[in-house]
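Notes for the one structure printed next.
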Amino acid sequence: MVPSLSPEGSRRMPAPPTRLQAAACSHRSRINVPNTLLVILLPEPSKQAKGNIDAVIALQGAIKFNGGGHVNHSIFWQNLCPVSEGGGVLQQGPLSDAITAEFGSLDALQTKFNATTAAIQGSGWGWLGYDKVAGKLKIATCANQDPLQHTHGLVPLLGIDVWEHAYYLQYKNVRPEYLKQIWGIINWKDVECRYLAAK
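To convert, note that position 130 of the sequence shown is 127 in the working numbering; the numbers rise steadily by one, no gaps.
Written as structure tokens, this is what we have:
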């Protein structure tokens, strides 16, 4: 059966309506394009085994970009919540213990994450991921819409979009300020759930 990507469950970042509409449109295209590509590749799902490998190879870049964009944005929306719903507050628990063990403190994690992510040339994503082999939290970056798990082998816990569409209307070209401010709306409950599921 051919999977269908869906934006259900995606959480939207609090923002002015024009920014939200632009982000929703961008995310919607990340869903529509892979679904269209799947129809091109597999017009009859029952005949998947008879797929054309040349067509698969030719479309792999578009599938990676748009499918990765959908996966990344779905995590991003769920990683955010308003301050009124607990955004920005990391409760004491397994995740905070792991952050302290790996980085020394939440502030130290944020400082390292921001420096690493601000240094991305062009567009991409900053990630806090879990390395199942090492049993540790790690910070990583991915270019464009490349998904973390397939790029670095890390389970994605927290993803921050550093494409200009994510911050330009509010922060112009000052990516470091966007990174500094976004911590105030991080949904640490969601990040901790991902961490516990990954272990």
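Note that CB positions come from ideal geometry on N, CA and C, so glycine has one too.
Quantities reported herein were computed from a predicted structural model and do not represent experimental measurements.
Euclidean distance between Cα positions of residue i and residue j
i    : j    : result
I117 : I157 : 12 Å
R172 : C78  : 20 Å
V74  : G132 : Note that residue 74 corresponds to Trp in the displayed sequence, not to Val. Computed Cα separation, rounded: 26 Å.
E82  : H67  : 25 Å
G119 : C139 : 11 Å
I96  : I50  : 44 Å
G101 : L134 : 12 Å
D187 : L193 : 10 Å
Q18  : L155 : Interpretation of Q18 is limited by its pLDDT of 49, a score under 50 that renders its predicted location unreliable; the figure taken from the coordinates is listed afterwards. Whole-angstrom Cα-Cα distance: 23 Å.
G84  : K61  : 31 Å
G121 : Q89  : 30 Å
N63  : I72  : 14 Å
Y165 : V80  : 21 Å
Y168 : E174 : 7 Å
A98  : P91  : 10 Å
Q196 : V130 : Gln is not the amino acid found at residue 196; the sequence shown has Lys there. Cα to Cα, K196 sits roughly 10 Å from V130.
R191 : G150 : 15 Å
T93  : D104 : Checking the sequence, you will find Ser at residue 93 rather than Thr. Those two C-alpha atoms are separated by around 11 Å.
E161 : N170 : 8 Å
Q45  : I54  : Residue placement at Q45 is flagged as unreliable, the pLDDT there being 49, under the threshold of 50; a coordinate-derived value is accordingly withheld.
Residues near residue i in its chain [Cβ-Cβ closer than 6 Å; skip 5 each side]
i    : result
A12  : Because the pLDDT of A12 is 46, which lies under 50, any placement of that residue in the model is unreliable, and the question is left without a value.
N111 : L176
For residue j and residue i, believed in contact at Cβ under 8 Å, the rounded distance
i    : j    : result
Y127 : V86  : Between V86 and Y127 the Cβ distance is about 21 Å, and since that is not below 8 Å, they are no contact.
A115 : W124 : No, A115 and W124 are not in contact; Cβ-Cβ is about 14 Å, not under 8 Å.
Q178 : N69  : Between N69 and Q178 the Cβ distance is about 20 Å, and since that is not below 8 Å, they are no contact.
P144 : G58  : The Cβ separation is near 13 Å, so there is no contact.
N- and C-terminal bounds of the beta strand (DSSP E) containing residue i
i    : result
P153 : V152 to D158
Y127 : G121 to D128
K133 : K133 to A140
N-terminal and C-terminal residue of the alpha helix (DSSP H) that residue i is part of
i    : result
V194 : In the sequence as displayed, the identity of residue 194 is Ala instead of Val. Note, A194: alpha helix (DSSP H), W185 to A195.
I179 : R172 to I179
H149 : L145 to H149
Y164 : That residue, Y164, is in no alpha helix (DSSP H); it is neither H nor E in DSSP.
Neighbourhood of residue i by C-beta distance below 7 Å, restricted to the same chain and skipping five residues each side
i    : result
Q146 : V152 and P153
Q107 : W180
N76  : L155, G156, I183, N184, D187 and V188
T113 : G123, I136 and T138
T148 : C139
Residues near residue i in its chain [Cβ-Cβ closer than 8 Å; skip 5 each side]
i    : result
K109 : F100 and I136
Unbroken alpha helix (DSSP H) runs of length 4 or more, entirely within the region 57 to 115: which are they? 91 to 100 and 103 to 115
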